[in-house]
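To start, the structure itself, in structure tokens.
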Amino acid sequence: GLATGGGLPLALSASGGSTITVCPSGPPACDFQTIQQGLQMAAAGDTVWVAPGEYHGPVSLKAYVALRSSQGEQATAIVANSGPIVFAEGVVSATLEGFNIDGTHIISRATGILAIDSELSIVRSRIQHFQGAHGTVTEPYGSNATAIRFEGHGRLVIMDSSIDDVHGGNGLVGSGHAGGKAVGITASGDGDLSVTAVSIENLSGGDSGNLVPYPYFCSGTGGDA
């Protein structure tokens with residue numbers, strides 16, 4: 001058992017390492033005010049324990065460090081203006097548990113979690129509200145929106161989590177260019193992917209940028225979901 005105060009553990013984590021605490025108000029109520037500060041100070045075997053609140057990313061995970069919230073994904077969110085909101089490259093034995101990865105504020109690169117050549121477990125988390133950018137004069141194709149992307153080597157485990165509200169961007173109106181894709185989970189490379197008890201809902205590809213203004217005529221390609 002852990003000694004607790006203000007919803008945050010004060011002693012050692014269950015793995016035997018130290019516990020580093022993060023809260024919206026920062027010291028002296030906890031060790032750090034941002035998640036990234038807590039991860040930077042963590043050593044192998046440590047747990048970064050996060051109090052309820054909304055935290056700004058992006059967040060880069062760290063090898064052999066667990067990032068956990070004290071009250072789960074309904075109370076603890078990570079947001080960012082640009083994706084990916086959570087990133088891991090060359091990171092082994094990392095854990096992300098109990099967070100709402102929310103893309104509501106993203107204005108570019110609508111990706112929730114990106115893991116490259118890493119070993120990562122995503123547990124009891126919610127990845128939601130991702131909208132790909134709509135086509136513009138300079139970039140007429142609608143952009144893709146992806147909740148979780150896994151590339152290269154390693155292993156990704158996703159358990160007891162949900163993905164919701166992911167939409168590809170629309171092609172530029174009048175251009176005939178394609179809409180963007182909406183992707184729940186995508187994997188490429190030769191790594192291992194394990195998905196258990198995960199719901200994926202409300203995905204829609206972007207509309208094509210029709211060349212003619214008739215609702216029954218499509219002169220482009222809508223995005224896949």
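The sequence shown begins at 1 in the working numbering and counts up one residue at a time.
All residues carry an ideal CB built from backbone N, CA and C; glycine is no exception.
These figures come from a predicted structure and were not determined experimentally.
- Per DSSP, reduced to three states, the secondary structure at I35 is helical.
- A direct Cα-to-Cα measurement between G26 and V86 gives close to 21 Å.
- By the neighbour-count criterion, in which a residue is buried when 16 or more other Cβ atoms sit within 10 angstroms of its Cβ, E54 is exposed.
- Between P84 and A51, the gap from beta carbon to beta carbon reaches 8 Å or more.
- Boundaries of the beta strand (DSSP E) harbouring L193: 192-204, taken from the DSSP string.
- The DSSP assignment places complete beta strand (DSSP E) segments of no fewer than 3 residues inside the region 97-142 at 100-102, 110-123, 126-131, in order along the chain.
- In this structure the region 131-149 lies against the region 163-172, because at least three pairs of beta carbons, one per stretch, are closer than 8 Å.
- In the DSSP annotation of this structure, the continuous segment of the beta strand (DSSP E) that includes H167 starts and ends at 145-167.
- A Cβ-Cβ distance of about 15 Å is found for the pair Q128 and D160, leaving them out of contact under the 8 Å criterion.
- For V92, there is no enclosing beta strand (DSSP E), as DSSP marks it with neither H nor E.
- Selection T47, D192, S82, A197 evaluated against P58 yields S82 as nearest (Cα-Cα).
- In terms of Cα proximity to S60, the closest of S69, T19, L114 is L114.
- Put simply, of M41, Y64, F150 the residue whose alpha carbon is nearest the alpha carbon of V183 is F150.
- Take the alpha-carbon of V48 and the one of A42: they are about 7 Å apart.
- Between the C-alpha atoms of T111 and S18 there is a straight-line separation of about 31 Å.
- Its chain contains R68, S69, G72, E73, R124 as the residues whose beta carbon lies nearer than 6 Å to that of G98, once the 5 sequence neighbours on both sides are disregarded; these appear in chain order.
- Beyond the five residues adjoining it in sequence on each side, G132 comes within less than 7 Å, by CB distance, of A110, G142, S143, N144, A145, H167, G168, G169, G180, G206 in the same chain, given in chain order.
- For A63 against V91, the beta-carbon gap comes to about 5 Å, under 8 Å, which counts as contact.
- Scanning S93, S204, H56, E89 for the CA closest to the CA of A77 turns up H56.
- Looking at L156, H177, S199, the one whose alpha-carbon comes closest to that of D192 is L156.
- Approximately 10 Å separates the beta-carbon atoms of G135 and G176; this is outside 8 Å, ruling out the contact.
- Between G38 and G222, the alpha-carbon positions lie close to 42 Å from each other.
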